[in-house]
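First residue of the sequence shown? That's 107 in my numbering, and the numbers climb one at a time after it. What follows is a single structure, written as structure tokens, with notes after it.
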Amino acid sequence: MVEKKEELYRGKAKTVYATNDPKRLIITFRDDTSAFDGLKIEQLARKGKTNNKFNYFIMKKLEEAGVPTQIEELLNDNEILVKKLEMVPVECVVRNVTAGSICKRLGVQQGLELKVPTFEFFLKNDALHDPMVNDSHIISFGWGTQEQIDEMKALSLKINDVLKKLFDDAGLILVDYKLEFGLYDGKLVLGDEFSPDGCRLWDKNTKESLDKDRFRKDLGGVIEAYEEVARRIGCPLD
Ligand code: ADP
Ligand code: UDP
107 MVEKKEELYR GKAKTVYATN DPKRLIITFR DDTSAFDGLK IEQLARKGKT NNKFNYFIMK
167 KLEEAGVPTQ IEELLNDNEI LVKKLEMVPV ECVVRNVTAG SICKRLGVQQ GLELKVPTFE
227 FFLKNDALHD PMVNDSHIIS FGWGTQEQID EMKALSLKIN DVLKKLFDDA GLILVDYKLE
287 FGLYDGKLVL GDEFSPDGCR LWDKNTKESL DKDRFRKDLG GVIEAYEEVA RRIGCPLD
């Protein structure tokens, strides 16, 4: 039986706890919802529970497809037991359709279907607004090796194949998403979370946002949209 021990880290949306097993952590998904590098924060009822169950469902699907993930056990509504990873301090972003920062950066319109998915690295650093970095920065600063970079890219694109289809079957377009990887016994493993907090999902017919853009843009119905996505992909929330 795993026991929850001291709090190790309180992030913007989740809290990480040590356990009696040095190789396992408990992650608690809170109702806190943040945007713009923590500048906008609100509590949204049911968000923690929804994202915890959503993330478990998606990571299970990815495991089945051969992607190594942190997942050990869904403990309760808001908590999950995971492998303790040594996180690579970068965010991996894959895009199938243009939206968000790439539109501002490259002056392109939103909604362009990309010929092949893009892959981008951003440094995890809120104070610097997560600047974009490339392979050379990652190697030169020692955040990761060339092998790890290649593996993060390959896994991120494999995840795209699995999830694009899963959401497409549910009438949704997977526009873009963010992943974080970490090392477990020297091997790269998918960590953190995959939920509508860290991806963009549009209804295929109406192009309506069913993700955190509803919060960023004050569109309302944020958690209702997350619940709708869960329902469509067959992810149980209760
Ligand atoms: P942030 O740090 O951006 O505010 P969160 O509130 O989501 O984000 O906090 C969760 C933190 O836990 C993140 O810093 C993330 O990198 C880290 N993390 C996620 N999964 C694992 C894991 N399996 N092992 C160790 N750390 C993890
Ligand atoms: N994303 C995230 N955390 C971040 C930055 C981005 O989860 O710190 C997700 C975001 O929700 C979107 C994708 O990564 O699904 C691409 O984000 P983008 O670079 O367009 O930045 P944004 O304009 O959304 O801040």
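Idealized CB from N, CA, C, for every residue including glycine. Remember, predicted model here, so these are calculated numbers, not experimental data.
Secondary structure at Thr156: helix, using DSSP grouped into helix, strand and coil. Residues of the same chain with a CB within less than 6 Å of the CB of Gly277, apart from the 5 flanking positions on each side, are Lys310 in chain order. Nearest Cα to Leu218 within the set Gly206, Arg130 and Tyr123: Gly206. Secondary structure at Lys271: helix, using DSSP grouped into helix, strand and coil. Inter-segment contact for the region 230-244 and the region 192-204 is present: three or more beta-carbon pairs are separated by less than 8 Å.
As the crow flies, the alpha-carbon of Ile164 is around 32 Å from that of Phe247. Take Val108, set aside five residues on each side of it, and the residues of its chain with a beta-carbon closer than 7 Å to its own are Thr125, Asn126, Asp127, Arg130 and Leu187, in chain order. Listed in chain order, the beta strand (DSSP E) elements of length 3 or more contained wholly in the region 124-151 are 130-135, 138-141 and 146-149. A Cβ-Cβ separation of about 6 Å places Ile265 in contact with Leu168 under the 8 Å criterion. Per the Cβ contact rule, the region 134-149 is not in contact with the region 238-246 (fewer than 3 Cβ pairs under 8 Å). The beta-carbon distance between Phe135 and Asn184, rounded to whole angstroms, is 5 Å. This is short enough to meet the 8 Å contact definition. Between Ala336 and Phe160, the gap from beta carbon to beta carbon is short of 8 Å. Taking Cys198 as the centre and dropping the five residues before and after it, the same chain places the C-beta of Met258, Ser262 and Leu285 closer than 6 Å to its C-beta, in chain order.
Taking the C-beta atoms as reference points, Leu294 is found nearer than 8 Å to Gln254.
Of the candidates Arg201, Val239 and Arg116, Arg201 places its Cα closest to the Cα of Gly304.
Check the Cα spacing between Ile329 and each of Lys118, Val268 and Gly154: the tightest is with Gly154. Asp309 is bridged by DSSP to Leu278.
Remark: the C-beta of Glu286 is outside contact range of the ligand UDP, defined as less than 7 Å to any heavy atom. For Glu219, the enclosing beta strand (DSSP E) covers residues Glu219 to Leu229.
In this structure, Met193 has its beta carbon less than 7 Å from a heavy atom of the ligand ADP.
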